[in-house]
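*Asks:* Let me begin by handing over the structure; questions about it come next.
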Amino acid sequence: MTKVYGEGENKVKALDDATLSVEQGEIALIVGSSGSGKSTLLNMIGLLDRPTSGKIYIDGIDTTTLDDNKISSFRNKKLGFIFQFSNLLTDLTVLENVLLPRQIAGTNNNAEKEARDLLKAVGLEDQMNKRANKISGGQAQRAAIARGLINKPSIVLADEPTGNLDSVTSNTIVQLMKSMAKKLNQTFVIVTHDRQHFGDVDKVITIKDGKAFSGDMPSEMEVLAK
Amino acid sequence: MEYRLRLAKRMLFNKKGSLIGAVLAVTIGILVIHVNFVIFQGLFDAIVRDISNYRNGDILVTDEADYIDKSDLSVVSWFERIPYVEAATPRLSSTAEMNMTKNGKLIEETRVPIVGIDPFRDIKASTVHETIADGSYVFSRNSIVLGSNVARDLGGAEVGDSVKVLVVDRFGQDEVRRFTVSGIAKSPGGQGFDYTAVIHIDTLRDMMSRHGETGSFMVKLNDPTKAFEVKEFFLRSFPNDDFLAETIEESAEEQLAGFRSGIAMINMIGYFGMMSSAFAIVTIQMMLVNGKTREIGVMRSIGAKRKDILIIFIFQGMIIGAIGAGVGTAAGLGYTFYAKETKMSFNNSLPLEVSYNWEKIIQTALTSFILAIIASLYPSYRATKLLPVEAMRTV
Ligand SMILES: Nc1ncnc2c1ncn2[C@@H]1O[C@H](COP(=O)(O)OP(=O)(O)O)[C@@H](O)[C@H]1O
Ligand SMILES: [Mg+2]
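From first to last, the protein sequence lines are chains B and P.
Heads up: the first sequence at position 215 corresponds to 215 in the working numbering, and the numbers run straight through without jumps.
If you want the working numbering, it's the position in the second sequence, counting the first as 1, plus 1000.
Structure, rendered in structure tokens:
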């Protein structure tokens, strides 16, 4: 896919005919230097924005032809999101945040128990009824993981989920995602600067100047990326 | 609870300042309308009340051309047979010249309205006798009640003074009589007989050479809502007497027309107030939407549709409208209650006729509720225009 921002003088080709595929159950890392187009790529896969050209297939469905309502519905049922900052709605409790995708889907049956179980699994059983702005950054990312999993999506997308956390907390979040992925056979596509925390993963895609390459960044680039 | 309603409520209640501001805007809009109603409708109704009590009754019967020659006793007893009728009384009016010698000085007044009343019936059909500030009401053929302004213009007439009254009779002859002042009339608000002199109707009939004739009948009902019915019944019963019968609304229409349009103007100002509270809601909600840009993006990312975002913010409008309408109506009713209990008066004189107009109260509350929802449409629409990528914002 290709994504061009702006017009005329200010035109930026953030993605330049980038092609990649991720299989069911894989953890795929997207790495690359700042401004290379990682977030843009994730936005396209997450159907948060549309590519200028190219196609995105999720579960065999060509998503580029869907209208806004269908895309919303698709995001709700097939995708989970973990952002770098302010993932949660601060007006709701942690539990309510995790429940929200289910309520939007309108399939509430057994939702609360599943949400509680997920929150337990991410280690937040004591924080469930706190307001979302009353917990720490690491806890918020745990809650976001639980929210991302509640609708059993095809892919969970994360854009620098540890970008805002200290190294120790980052590591626990990375391990949590890895273990959840394994336990649930859940596909994850994760943009990260913390390549080494992840260790061994199924797939690594390096983005450079909007182009996608299979495999890790050359080590001299990793230095630049820091 | 419906998640959109819960979100709407939480967002509002977690922003107390905005909530209070928006609710206050609605409340004040409603309160202004209630206060206007209490004062101006109260004033209007007070004037109607006084015109009815002092001059026109609930039904005023006159002759289409000049004077009623049917015997007053027969007309009065016809009316008083009807259960809805409290009392009926004949009256006769003219214009007089008066003079009086006070402290050796002769003072003359021309063109003083003079009313002849039946002392026994008048006190049942009218409350003019209650406006006698000094002395007593007309009780004999040669007693006169002077309006406070007439008394003042005559150089300070007092009870017991003697005044000379000149009335021109039906043949153009001057008829002069001497009266003793029995009382001074002064009404709060001046709708009474403050500018009028009152004498016995038979004396006035004598002076005008109109024996057995009557100018008008004032009919007081115990159930004023039956005025139209009684009036129609009366007119049907006397088809050949050239009677004219009017309810208070009809007979006072001319006096009240200007006032009515004034009230319409003031109500308009009230509605403008409501409109400006709608603008306040738009501003406050726009601030709320702008403050939630990223969170709206998050909601959209996890699957909320444009419609869901629209509904969340319209729910906020409904919450603001409902609380505002509730608080505003409560405050308005509180003010109305206070005005009624303290017998609030206009200019410290005319006691307002305070009433609860439930139809208008409900209409006002509903209008502001609906206005709040309409006001929330624009911010809600703007919220739906925010894109899911807003969730990715790093700042
Ligand atoms: N909304 C946008 N409008 C214009 N240019 C953008 C926009 N988003 C990203 N870009 C540009 O596209 C390029 C890729 O950005 P991004 O995908 O955010 O990179 P990364 O996440 O790898 O740091 C950058 O040059 C950035 O300035
Ligand atoms: Mg980025």
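Heads up, the beta-carbon is just placed ideally off N, CA and C, and yes, glycines get one too.
Distance cutoff 8 Å, beta carbons only. Does V1289/P sit that close to anything in chain B?
*Replies:* Looking up residue 1289/P in the second sequence gives position 289. Answer no: the Cβ-Cβ gap between V1289/P and chain B never drops below 8 Å.
*Asks:* Starting from the beta carbon of L1007/P, find every residue of chain B whose beta carbon is closer than 8 Å, and list them in chain order.
*Replies:* Translated into positions along the second sequence, residue 1007/P becomes position 7. Per Cβ cutoff of 8 Å: L89, D91 and L92.
*Asks:* Whose beta carbon lies closer than 7 Å to any heavy atom of ligand 2, going through the chain in order?
*Replies:* This criterion selects K38/B, S39/B, D159/B, E160/B and V191/B.
*Asks:* Quick one: measure Cβ to Cβ for I1114/P and S1094/P, integer angstroms, because I've assumed they're closer than 8 Å.
*Replies:* By 1-based counting over the second sequence, the position of residue 1114/P is 114. By 1-based counting over the second sequence, the position of residue 1094/P is 94. The Cβ separation is near 5 Å, so the contact holds.
*Asks:* Tell me, to the nearest whole angstrom, how far the beta carbon of A1245/P is from that of L1235/P; I am working on the premise that it is less than 8 Å.
*Replies:* Start at 1 with the first residue of the second sequence, and residue 1245/P comes out as number 245. Start at 1 with the first residue of the second sequence, and residue 1235/P comes out as number 235. Going by Cβ atoms, the distance from A1245/P to L1235/P rounds to 6 Å, so yes, they are a contact pair.
*Asks:* Would the beta-carbon of V1076/P fall within 8 Å of that of R1141/P?
*Replies:* Here residue 1076/P is taken as the residue at index 76 of the second sequence, counted from 1. Here residue 1141/P is taken as the residue at index 141 of the second sequence, counted from 1. Cβ distance not < 8 Å, so V1076/P and R1141/P don't count as in contact.
*Asks:* Helix or strand or just coil, what does DSSP make of K130/B?
*Replies:* Translated into positions along the first sequence, residue 130/B becomes position 130. DSSP places K130/B in coil when its eight states are reduced to three.
*Asks:* Between the Cα of Y1335/P and the Cα atoms of D1169/P, K1186/P, F1037/P and A1252/P, which residue gives the shortest distance?
*Replies:* Sequence index remark: in the second sequence, residue 1335/P carries index 335 (1-based). Closest option to Y1335/P, Cα to Cα, is F1037/P.
*Asks:* Who are the neighbours of A227/B on chain P, taking C-beta pairs under 9 Å?
*Replies:* Examination of residue 227/B is not possible in this model, given that chain B is present from 1 through 226 alone.
*Asks:* Are the beta-carbon atoms belonging to I205/B and F213/B less than 8 Å from one another?
*Replies:* By 1-based counting over the first sequence, the position of residue 205/B is 205. By 1-based counting over the first sequence, the position of residue 213/B is 213. Yes.
*Asks:* Can you tell me whether DSSP reads R75/B as helix, strand or coil?
*Replies:* Within the first sequence, the letter at position 75 stands for residue 75/B. R75/B: helix per DSSP, three-state reduction.
*Asks:* Give the C-beta separation of R1281/P and A1025/P to the nearest angstrom, bearing in mind that I take them to be a contact with Cβ-Cβ under 8 Å.
*Replies:* What you label residue 1281/P is simply residue 281 of the second sequence in a count that begins at 1. What you label residue 1025/P is simply residue 25 of the second sequence in a count that begins at 1. Sequence inspection shows Ile at residue 1281/P; the Arg mentioned does not correspond to that position. Contact flag correct, Cβ pair sits at about 6 Å.
*Asks:* Look at A1391/P and R1306/P and say whether their C-beta atoms are less than 8 Å apart.
*Replies:* Locating residue 1391/P in the second sequence gives position 391, where the first residue counts as 1. Locating residue 1306/P in the second sequence gives position 306, where the first residue counts as 1. Their beta carbons are not under 8 Å apart, which means A1391/P does not touch R1306/P by this criterion.
*Asks:* Heavy atom of ligand 1 less than 7 Å from the Cβ of G6/B, yes or no?
*Replies:* Along the first sequence, read from residue 1 onward, the residue named residue 6/B stands at position 6. Within the cutoff, so yes.
*Asks:* Checking the sheet assignment: what are the DSSP bridge partners for N1099/P?
*Replies:* Taking the first residue of the second sequence as 1, we reach residue 1099/P at position 99. Answer by DSSP bridge pairing, in chain order: E1108/P and K1164/P.
*Asks:* Any beta carbon from chain P within less than 8 Å of R75/B's own beta carbon?
*Replies:* Here the question's residue 75/B lines up with position 75 in the first sequence. R75/B counts as touching chain P.
*Asks:* Would V1219/P and G1321/P be called neighbours here (beta carbons separated by less than 8 Å)?
*Replies:* Locating residue 1219/P in the second sequence gives position 219, where the first residue counts as 1. Locating residue 1321/P in the second sequence gives position 321, where the first residue counts as 1. It is not a contact, given that the beta carbons lie outside the stated cut-off.
*Asks:* In chain order, which continuous runs of the beta strand (DSSP E) of length 3 or greater are located wholly inside the segment 23-54 of chain B?
*Replies:* 27-31
*Asks:* Rounding to the nearest angstrom, what Cα-Cα distance links Y1084/P and E1249/P in this structure?
*Replies:* The sequence position of residue 1084/P within the second sequence is 84, counting from 1. The sequence position of residue 1249/P within the second sequence is 249, counting from 1. Going by the C-alpha atoms only, they are around 18 Å apart.
*Asks:* If you draw a straight line from the alpha carbon of A1330/P to that of F1369/P, how long is it in whole angstroms?
*Replies:* If you number the second sequence from 1, residue 1330/P lands on position 330. If you number the second sequence from 1, residue 1369/P lands on position 369. The straight-line gap from Cα to Cα measures roughly 14 Å.
*Asks:* Any idea if K226/B is buried or exposed, counting beta-carbon neighbours within 10 angstroms, 16 or more meaning buried?
*Replies:* For the purposes of this step, residue 226/B is taken as the residue at position 226 of the first sequence. Confidence in K226/B is poor, its pLDDT being 49 and thus under 50, which makes the residue's placement too unreliable to answer from.
*Asks:* Since D209/B contacts M1011/P with CB under 8 Å, what's their CB separation in whole angstroms?
*Replies:* The residue labelled residue 209/B in the question sits at position 209 within the first sequence. The residue labelled residue 1011/P in the question sits at position 11 within the second sequence. Incorrect: roughly 41 Å between the Cβ atoms, too far for contact.
*Asks:* Within its chain, find whatever has a CB closer than 6 Å to the CB of A146/B; leave out the 5 residues flanking it on each side and keep chain order.
*Replies:* Taking the first sequence and counting its residues from 1, one reaches residue 146/B at position 146. Excluding positions up to five away in sequence, the list reads V98, L118, L119 and V122.
*Asks:* Does the structure place the segment 1164-1176 of chain P close enough to the segment 1121-1132 of chain P that three or more beta carbon pairs sit under 8 Å?
*Replies:* no
*Asks:* Could you check if E1158/P is buried or exposed, using at least 16 other CB atoms within 10 Å of its CB as the buried criterion?
*Replies:* Here the question's residue 1158/P lines up with position 158 in the second sequence. Exposed: under 16 other Cβ atoms inside 10 Å.
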